[in-house]
């Protein structure tokens with residue numbers, strides 16, 4: 062059995078020197094730069110941990126882990142275009158550094174490489190792994206479209222929002238875990254349990270993201286607090302406030318959408334959030350999904366000590382302050 | 062054995078009503094609109110004809126045919142962004158009609174659907190079909206990057222150009238044919254022969270595209286003649302002229318790159334083309350690749366009459382005036 066840092070080291074050892082390479086340097090330099098700067102590698106690590114949980118052969122799982130990390134980074138490269146984002150993980154985005162056309166093509170090539178690596182999954186589990194991956198991939202793209210559609214709407218419900226972040230964020234964590242379980246030949250009931258663990262963990266993770274953007278400590282989060290408020294983003298916080306607001310509060314929130322003074326805008330929204338106890342409500346729902354995730358993990362019928370690395374990663378995500 | 066129009070009808074019957082569907086309407090409306098407006102469907106038809114040539118089961122080939130057509134249309138949706146193109150096949154492009162973000166996501170979803178349909182290829186030939194498709198897909202993206210890189214260079218050779226159009230255009234025709242051959246369980250030598258038939262046909266096809274843009278008859282081609290010249294595009298024509306030009310002609314061509322009067326620009330370039338017999342040279346090389354393609358077809362060891370539909374499609378592409 063491996064612990065979290067051993068699994069991460071195993072993944073890194075296998076792929077740190079694995080340059081994706083086909084075609085002109087102008088295409089592969091940004092790809093390998095993106096992969097080298099790929100942050101916490103949570104998805105491949107979850108996949109490998111799930112495989113190890115059920116005593117699978119990690120060598121069978123490495124290509125799938127690599128594939129899911131490439132796919133995730135592909136979505137970020139394209140998302141950064143859609144958000145016109147300049148910075149990702151403290152570095153210029155591909156879009157910013159290389160321009161629109163290059164960023165589109167870099168993403169397309171990574172999408173393809175994700176599939177190419179998935180094709181290397183062992184034959185005995187190939188079809189189930191592909192099915193799980195494809196479903197998640199379609200949901201992620203649907204989630205991104207929902208996110209874009211929501212920007213133009215004023216009547217988004219909290220439930221619609223939860224569905225959107227489930228698609229956009231949670232299903233890939235869930236699918237990574239399920240793929241690891243499939244590769245270790247766990248039965249379908251266990252696959253379902255670990256999938257749900259990932260789904261609930263992902264929801265907690267994404268709502269925590271919203272939470273930190275407004276209630277985090279600036280120096281820890283590493284970006285300006287209140288960015289979502291300034292961009293009029295319909296986050297869990299904002300939607301909950303909007304849905305619970307009385308007429309006066311609704312009017313205040315609506316007026317603040319067009320407020321140009323940044324301090325007044327942030328303070329104004331925060332004041333409504335305070336009246337409606339949005340901070341406390343959000344902490345509660347994060348805890349709710351986190352508890353659900355841990356419960357899903359409990360129901361898996363392997364020795365409790367084998368679950369330690371997954372419990373640790375959940376705890377790490379739960380306690381993060383940035 | 063099926064003829065060309067029977068094969069096309071078979072494909073249409075199977076897929077005209079096959080709506081791609083997953084997620085919000087705002088994502089799937091442009092996808093299905095793109096697929097419905099997908100022109101001559103040359104690639105799926107080639108795939109099915111190749112399968113039929115070797116007496117394969119067309120039902121085994123239909124999903125691969127659909128996949129390759131979705132993939133091709135995905136590349137067009139993203140290419141249209143990169144070219145900032147407003148019109149494709151007489152309709153507004155996805156980029157123009159729905160905007161940048163939507164066009165990126167629509168392309169990504171189609172890319173995914175192409176893979177999802179490929180996964181339905183029968184198990185006996187799955188691995189070879191995927192390998193052929195993946196290689197072509199990587200080459201297509203590399204070709205698009207080369208095309209973009211060439212725009213910034215002044216020293217592109219004709220051979221580099223031929224490699225670029227081979228990647229960007231030919232390999233998908235070649236791969237379509239080879240996939241059809243694989244699905245009908247043809248041996249590797251025959252697979253190679255039909256692949257080369259497609260490769261040479263594709264080169265003839267793409268150079269003909271360059272040719273028609275400058276020497277075609279405007280009303281037949283359906284767009285303004287000389288567009289490539291006005292956009293300073295480094296086509297086969299321009300690169301051949303540039304490589305054969307004497308000092309004075311080179312100077313003329315270089316000056317014309319910044320000429321703003323459209324008529325003077327086109328006439329000036331055409332006059333150098335005339336001095337260097339670019340029209341005749343281009344006709345010759347198109348014929349050269351067309352002959353090579355027909356030769357590749359001849360070497361395939363099936364009864365000659367079975368080759369008629371493929372010979373007809375080659376002839377159709379060769380004789381087209383638009």
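Chains as they are written, first to last, in our numbering: chain A, 62 to 383; chain B, 62 to 383.
Just so it is clear, CB atoms sit at the ideal spot from N, CA and C, and this is done for glycine as well.
Since this is a predicted model, take the numbers as computed values, not measurements.
Strictly below 7 Å CB to CB, what residues from chain B border residue i?
i	result
residue 143(A)	162 and 165
residue 300(A)	Those do not exist, as residue 300(A) stays about 18 Å from chain B at its closest Cβ, beyond 7 Å.
residue 376(A)	Within chain B, no residue comes near residue 376(A); the closest Cβ sits about 33 Å away, beyond 7 Å.
What's the C-alpha gap between residue i and residue j?
i	j	result
residue 251(A)	residue 359(A)	11 Å
residue 378(A)	residue 222(B)	50 Å
residue 93(A)	residue 109(A)	22 Å
residue 107(B)	residue 257(A)	44 Å
residue 229(B)	residue 275(B)	20 Å
residue 290(A)	residue 272(A)	11 Å
residue 149(B)	residue 315(B)	30 Å
residue 77(B)	residue 232(A)	31 Å
residue 373(B)	residue 66(B)	11 Å
residue 361(B)	residue 205(A)	48 Å
residue 327(A)	residue 345(A)	23 Å
residue 245(A)	residue 349(A)	30 Å
residue 324(B)	residue 200(B)	37 Å
residue 152(A)	residue 226(A)	25 Å
residue 238(A)	residue 95(A)	23 Å
residue 295(A)	residue 211(A)	8 Å
residue 188(A)	residue 68(B)	30 Å
residue 174(A)	residue 383(B)	36 Å
residue 208(B)	residue 87(A)	11 Å
residue 287(A)	residue 259(A)	28 Å
residue 369(B)	residue 177(A)	36 Å
Below 8 Å between beta carbons: does that hold for residue i and residue j?
i	j	result
residue 301(B)	residue 219(B)	yes
residue 203(A)	residue 85(B)	yes
residue 133(B)	residue 168(B)	no
residue 98(A)	residue 89(A)	no
residue 159(B)	residue 141(B)	no
residue 193(A)	residue 240(A)	yes
residue 347(B)	residue 247(B)	no
residue 310(B)	residue 336(B)	yes
residue 119(A)	residue 71(A)	yes
residue 114(B)	residue 292(B)	no
residue 339(A)	residue 298(A)	yes
residue 191(B)	residue 131(B)	no
residue 195(B)	residue 91(B)	no
residue 186(A)	residue 243(A)	yes
residue 135(A)	residue 105(A)	no
residue 353(A)	residue 375(A)	no
residue 179(B)	residue 125(B)	yes
residue 357(B)	residue 261(B)	yes
residue 329(B)	residue 318(B)	no
Under 7 Å Cβ-Cβ, which residues of chain A neighbour residue i?
i	result
residue 170(B)	202
residue 185(B)	Within 7 Å Cβ-Cβ: nothing; residue 185(B) doesn't reach chain A, min ~13 Å.
residue 260(B)	Chain A residues near residue 260(B): none, gap ~18 Å exceeds 7 Å.
residue 353(B)	Chain A residues near residue 353(B): none, gap ~25 Å exceeds 7 Å.
What residues are listed by DSSP as bridge partners for residue i?
i	result
residue 152(A)	149(A)
Cβ of residue i versus every heavy atom of the ligand SAM: is any distance shorter than 7 Å?
i	result
residue 161(B)	Of the ligands one can find in the structure shown there are none, so the ligand SAM has no counterpart to examine.
Starting from the beta carbon of residue i, find every residue of chain A whose beta carbon is closer than 8 Å, and list them in chain order.
i	result
residue 176(B)	176 and 195
Which chain A residues are close to residue i, counting only those with a beta carbon under 9 Å from its beta carbon?
i	result
residue 240(B)	Result: empty, since nearest Cβ-Cβ is about 15 Å, beyond 9 Å.
Closer than 8 Å by beta-carbon distance: list the chain B residues that pair up with residue i, in chain order.
i	result
residue 191(A)	180
Note down, in chain order, every chain B residue with its Cβ under 9 Å from the Cβ of residue i.
i	result
residue 110(A)	Residues of chain B passing the Cβ test: none, with the nearest at roughly 26 Å.
residue 291(A)	By Cβ distance, chain B contributes nothing, its closest Cβ being about 20 Å from residue 291(A), past 9 Å.
Using a Cβ cut-off of 7 Å, which residues of the stretch 197-212 of chain B contact any Cβ in chain A, in chain order? Look at the stretch 197-212 of chain B: the residues with a C-beta under 7 Å from a C-beta of chain A are 198, 199, 202, 203, 205, 206, 207, 209 and 210.
Using a Cβ-Cβ cut-off of less than 7 Å, list which residues of the stretch 133-157 of chain A approach chain B; keep chain order. Along the stretch 133-157 of chain A, the positions whose C-beta sits under 7 Å from a C-beta of chain B are 139, 142 and 143, read in chain order.
With 7 Å as the limit, tell me which residues of the stretch 69-98 of chain B have their beta carbon closer than that to any beta carbon of chain A; keep them in chain order. Going along the stretch 69-98 of chain B in chain order, one finds 83, 84, 85, 87 and 88 with a Cβ nearer than 7 Å to chain A.
For the stretch 216-240 of chain A, list every residue whose C-beta sits within 7 Å of some C-beta in chain B, in sequence order. Listed by position, the residues of the stretch 216-240 of chain A near chain B (Cβ gap below 7 Å) amount to none.
Positions along the stretch 308-341 of chain B whose CB lies within less than 9 Å of some CB in chain A: Of all residues in the stretch 308-341 of chain B, none has a Cβ within less than 9 Å of some Cβ in chain A.
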